[in-house]
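Here the structure comes first, spelled out in structure tokens, and everything after it is commentary.
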Amino acid sequence: MSRPLLSLRQVRVSFPVASGLFAKPKSLHAVNGVNLDLHAGETLGVVGESGCGKSTLARAILGLVPAAAGSISLLGKELTTQSSADWQKTRRDLQVVFQDPLAALNPRMTVGEIIGEPLGVHEPDLAKDERRRRVRAMMKRVGLLPNQINRYPHEFSGGQCQRIGIARALILEPKVVICDEPVSALDVSIQAQIVNLLIKLKHELQLSLIFIAHDLAVVRHISDRVMVMYLGKVVEVADAEELYRQPRHPYSRALLSAIPVPDPDYKRERESKFLRGELPSPLNPPSGCAFRTRCPLADGKCAQDEPGLRSVGGGASYAACHYVG
Amino acid sequence: MLLTVNNLGVRFTTEDGMVDAVNGLDFSLDAGATLGIVGESGSGKSQTALAIMGLLASNGQTTGSIRFKGKELVGAGQRAMNKIRGAHIGMIFQDPMTSLNPYLKISTQMAEVLIRHRGMGKREAVQESIKMLDAVRIPDAKNRVNRYPHEFSGGMRQRVMIAMTLLTRPELLIADEPTTALDVTVQAQILDLLSDLRDEFGVAIIMITHDLGVVADLCDEVLVLYGGQIMEQAQARSLFKGPTHPYTRGLLDSIPSLDSEHQSELVAIPGNPPDLLHLPPGCPFEARCAWRHEPCPTQRPMLVGVEGESHHRRACHAAVAEVRPS
Numbered sequence: 021m022s023r024p025l026l027s028l029r030q031v032r033v034s035f036p037v038a039s040g041l042f043a044k045p046k047s048l049h050a051v052n053g054v055n056l057d058l059h060a061g062e063t064l065g066v067v068g069e070s071g072c073g074k075s076t077l078a079r080a081i082l083g084l085v086p087a088a089a090g091s092i093s094l095l096g097k098e099l100t101t102q103s104s105a106d107w108q109k110t111r112r113d114l115q116v117v118f119q120d121p122l123a124a125l126n127p128r129m130t131v132g133e134i135i136g137e138p139l140g141v142h143e144p145d146l147a148k149d150e151r152r153r154r155v156r157a158m159m160k161r162v163g164l165l166p167n168q169i170n171r172y173p174h175e176f177s178g179g180q181c182q183r184i185g186i187a188r189a190l191i192l193e194p195k196v197v198i199c200d201e202p203v204s205a206l207d208v209s210i211q212a213q214i215v216n217l218l219i220k221l222k223h224e225l226q227l228s229l230i231f232i233a234h235d236l237a238v239v240r241h242i243s244d245r246v247m248v249m250y251l252g253k254v255v256e257v258a259d260a261e262e263l264y265r266q267p268r269h270p271y272s273r274a275l276l277s278a279i280p281v282p283d284p285d286y287k288r289e290r291e292s293k294f295l296r297g298e299l300p301s302p303l304n305p306p307s308g309c310a311f312r313t314r315c316p317l318a319d320g321k322c323a324q325d326e327p328g329l330r331s332v333g334g335g336a337s338y339a340a341c342h343y344v345g
Numbered sequence: 014m015l016l017t018v019n020n021l022g023v024r025f026t027t028e029d030g031m032v033d034a035v036n037g038l039d040f041s042l043d044a045g046a047t048l049g050i051v052g053e054s055g056s057g058k059s060q061t062a063l064a065i066m067g068l069l070a071s072n073g074q075t076t077g078s079i080r081f082k083g084k085e086l087v088g089a090g091q092r093a094m095n096k097i098r099g100a101h102i103g104m105i106f107q108d109p110m111t112s113l114n115p116y117l118k119i120s121t122q123m124a125e126v127l128i129r130h131r132g133m134g135k136r137e138a139v140q141e142s143i144k145m146l147d148a149v150r151i152p153d154a155k156n157r158v159n160r161y162p163h164e165f166s167g168g169m170r171q172r173v174m175i176a177m178t179l180l181t182r183p184e185l186l187i188a189d190e191p192t193t194a195l196d197v198t199v200q201a202q203i204l205d206l207l208s209d210l211r212d213e214f215g216v217a218i219i220m221i222t223h224d225l226g227v228v229a230d231l232c233d234e235v236l237v238l239y240g241g242q243i244m245e246q247a248q249a250r251s252l253f254k255g256p257t258h259p260y261t262r263g264l265l266d267s268i269p270s271l272d273s274e275h276q277s278e279l280v281a282i283p284g285n286p287p288d289l290l291h292l293p294p295g296c297p298f299e300a301r302c303a304w305r306h307e308p309c310p311t312q313r314p315m316l317v318g319v320e321g322e323s324h325h326r327r328a329c330h331a332a333v334a335e336v337r338p339s
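Going line by line, the protein sequences match chains C and A. Taking our numbering, the leading residue of the first sequence gets 21, the next gets one more, and so forth. Taking our numbering, the leading residue of the second sequence gets 14, the next gets one more, and so forth.
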């Protein structure tokens, strides 16, 4: 297989948490030892419940929060130790689309200024006319009318604002785009429009996407591979269709069985039922396997040994569990 | 009939003009039944709920009729409504944290309901609260009743809200997007709980949601709203198996299912949700509809029964056979 575009090894992101007035602050490991490879033209979905670290992982890759340990490399270049001048160069290749489209746009800038700003930063010598031409072309590409170039974000609906956010991310022709819940703030009838747009753009511009979402059906639809996270760790990675057809890790199984399906005859296999309990505190994670406190398969071994990701089922599926295989 | 709504309208006076958030809604609900109200933002689903509760914002006005156990609620005074709210109709909201008072222990907040509506003493009220927390499956209810809201997780807070609402044994529970802020595994637990409580307490439920999966999971009957109007109304089964309205069909088609073809193009509904300030005189969905006919822009379609099916109504000029997937 070709060398991955983006590669993470043992990445950890920690936040200090005050535990008392005079006590030494504790560390909360929001992302704890994550490995990940993103190949050219690939879409990697990241799923998990709130608090699993999926957004923190995205922010770490983007350099918006520092990684406490581990390595993140893009196109062979180490990002965790580079200077902010180098970061600026990196951002040509690495862009992001955020969840709340309206909040991500400056209300005092016109659409043309918003989409064109990255060009102003990275190609300051570009003639004004040329910049405008490229903004218009990008607007057309994401399904906006080029004659709306002088309008302000509040004049657009949520779906259109997300198109503006996507246009801004793509104007520099990046190689990797991280989409952090790009459709969850949109109405159901609009979500499909944006998902279709992302799939189309990915092919046209040969993008590699990291697609973070809690809507598992959307993630399956758009992703080539899917990574399931729990309490800052990867519990399973597999090809999208394989994962949904046959989830291996007990947490993946519970997560998938909890999806409400728009079919009254479909009875959820209440595997989610055994997911009694609550997400443990990330400040004080369980020993051994992080999922063991809610897992139906857990026993003494799980409390002692932390299972690593290992190949299961012979294919390209990896799960971190002592009892699947 | 527990609840009968006739020609319900909700109108807001705003700086930009009149906004008809809800326009001519008719529906009814039997005791112990579960009705799903589905719609996107601006469809009028939440305003319908607030109108029933008499909780519209001060610039809002309700017209038409809402009869609860034969009693008219539209125009009822604050005092009468206060008796009905809490004692007979309970409501839970999307974000349980903002519905609970962060300064008060759960026990204080729950007991208050019983002291006020049932005239119980404090000790008895707290005992009853613990019983109800048990009923919504909060572990160790006896101790946790003395905690503050921030000490509970999102799912547990929503359980507390449900328990608090059920204390007075209401006949009707209105749930406005109760699981939208929750993770899927917790959502599944709350949906299971609501379904169990409906059977245990015989409470009727109006479930307001944008998620068709949630409706399919819980509801007997479904209303699909768009632009403040009913597009389609049916038993959950016939709605999901044979939608007859272009909007319902569009919604069902646009959701990627777990067995749809991977990375295929989804059938999206084109365009954007309607602007309630400038609703067309005809069908509100007309501009985005693939089955548009000549009268659609100007004549509002009537809500009429689908031939050969009881409890199935639709508001559309196109014929059933055109729209219904084969």
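Just so you know, even glycine gets a beta-carbon here, dropped at the ideal spot from N, CA and C.
Please list, in chain order, all residues of the same chain as residue i whose beta carbon is under 7 Å from its beta carbon, the five residues on each side excluded.
| i | result |
| --- | --- |
| C:Glu291 | Bear in mind that a pLDDT of 49 at C:Glu291, under 50, signals an unreliable position, so the model cannot answer this. |
| A:Ile282 | Gly263, Ser267, Arg301 |
| C:Asn126 | Ile134 |
| A:Met315 | Ala328 |
| C:Val215 | Val203, Val238, His241, Ile242 |
| A:Ser59 | Asp189, Ile221 |
| A:Arg182 | Phe214 |
| A:Gln200 | Thr192 |
So residue i contacts chain A; which residues on that side make the cut at Cβ distance below 7 Å?
| i | result |
| --- | --- |
| C:Pro242 | As written in the sequence, residue 242 of chain C is Ile, which differs from the Pro given in the question. Near C:Ile242 (Cβ distances below 7 Å), the residues of chain A are Gln276. |
| C:Ser70 | Asp196 |
| C:Leu303 | Neighbours of C:Leu303 on chain A: none; closest Cβ ~14 Å, over 7 Å. |
Can you list the residues of chain C that residue i reaches, using a CB-CB cut of under 8 Å?
| i | result |
| --- | --- |
| A:Ala249 | Pro284 |
| A:Asp43 | Result: empty, since nearest Cβ-Cβ is about 18 Å, beyond 8 Å. |
| A:Gln200 | Ala278, Pro280 |
Checking 8 Å against the spacing of the C-beta atoms, do residue i and residue j come in under that value?
| i | j | result |
| --- | --- | --- |
| A:Ile243 | A:Met66 | no |
| C:Val54 | C:Val37 | no |
| A:Val227 | A:Ala249 | no |
| A:Ala62 | A:Ile175 | no |
| C:Pro284 | A:Ala229 | yes |
| A:Gly55 | A:Val23 | no |
| A:Asn285 | C:Gly163 | no |
| A:Val336 | A:Val319 | no |
| C:Ser91 | C:Arg29 | yes |
| C:Leu82 | C:Val116 | yes |
| A:Ile119 | A:Pro191 | no |
| A:Asn20 | A:Asp39 | yes |
| C:Cys322 | C:His269 | no |
| A:Leu265 | A:Pro256 | yes |
| A:Leu68 | A:Ala217 | no |
| C:Ala78 | C:Ile232 | yes |
I want to verify the contact list: residues of chain A whose CB lies under 8 Å from the CB of residue i, in sequence order.
| i | result |
| --- | --- |
| C:Tyr250 | Near C:Tyr250 there are no residues of chain A at all, since even the closest Cβ is about 11 Å away, more than 8 Å. |
| C:Gly177 | Note on residue identity: the sequence assigns Ser, not Gly, to residue 177 of chain C. Within chain A, the residues near C:Ser177 are Asn285, Pro286. |
| C:Leu11 | Outside the shown range of chain C, which is 21 to 345, sits residue 11 of chain C, and nothing can be said about it. |
State the beta-bridge partners of residue i as determined by DSSP.
| i | result |
| --- | --- |
| C:Arg200 | It is worth fixing the name first, because residue 200 of chain C is Asp in this sequence and not Arg. Looking at the DSSP assignment, C:Asp200 forms a beta bridge with C:Ile232. |
| A:Val32 | A:Phe25 |
| A:Ile243 | A:Leu238 |
| A:Ala188 | A:Ile105, A:Met220 |
Run down chain C in chain order and give the residues with a C-beta less than 7 Å from the C-beta of residue i.
| i | result |
| --- | --- |
| A:Asp224 | Pro280 |
| A:Gly263 | Ser209 |
| A:Pro54 | The residue asked about is misnamed: residue 54 of chain A is Ser in this sequence, not Pro. Chain C residues near A:Ser54: Asp207. |
Check the Cβ of residue i against every Cβ in chain C and list those closer than 9 Å, keeping chain order.
| i | result |
| --- | --- |
| A:Phe253 | Pro282, Asp283, Pro284, Asp285 |
| A:Ala328 | Going along chain C, no residue has its Cβ under 9 Å from A:Ala328, so there is no contact; the nearest lies around 17 Å. |
| A:Glu184 | None at all; the shortest Cβ gap to chain C is about 24 Å. |
| A:Ala229 | Pro280, Val281, Pro282, Asp283, Pro284, Asp285, Tyr286 |
Listing by chain order, which chain A residues have their CB less than 9 Å from the CB of residue i?
| i | result |
| --- | --- |
| C:Ile219 | Gln276, Ser277, Glu278, Leu279 |
Apart from the five residues on each side of it in sequence, which residues of its chain come closer than 8 Å, Cβ to Cβ, to residue i?
| i | result |
| --- | --- |
| C:Glu150 | none |
| C:Pro10 | The question about residue 10 of chain C has no answer, for chain C in this structure spans 21 to 345. |
| C:Leu251 | Asn52, Gly71, Cys72, Gly73, Leu299, Pro300, Pro302, Pro305, Ala310, Phe311 |
Got a sec? Which residues, its chain only, sit under 6 Å from residue i by beta carbon, not counting five neighbours each side?
| i | result |
| --- | --- |
| A:Gly57 | Ala34, Val35, Leu238, Gly241 |
| C:Arg188 | Ile134, Ile135 |
| C:Val257 | Met247, Tyr338 |
Indicate whether the contact test is met: 3 or more Cβ pairs, each with one atom in the region 212-229 of chain C and one in the region 181-198 of chain C, closer than 8 Å.
-> yes
Contact between the region 58-66 of chain C and the region 244-254 of chain C (3+ Cβ pairs under 8 Å) | yes
Are the region 35-49 of chain C and the region 103-113 of chain C in contact at 8 Å, needing three or more beta carbon pairs?
-> no
Between the region 74-92 of chain A and the region 154-166 of chain A, do at least 3 Cβ pairs fall closer than 8 Å?
-> no
Do three or more CB pairs link the region 44-55 of chain A to the region 91-111 of chain A at distances below 8 Å?
-> no
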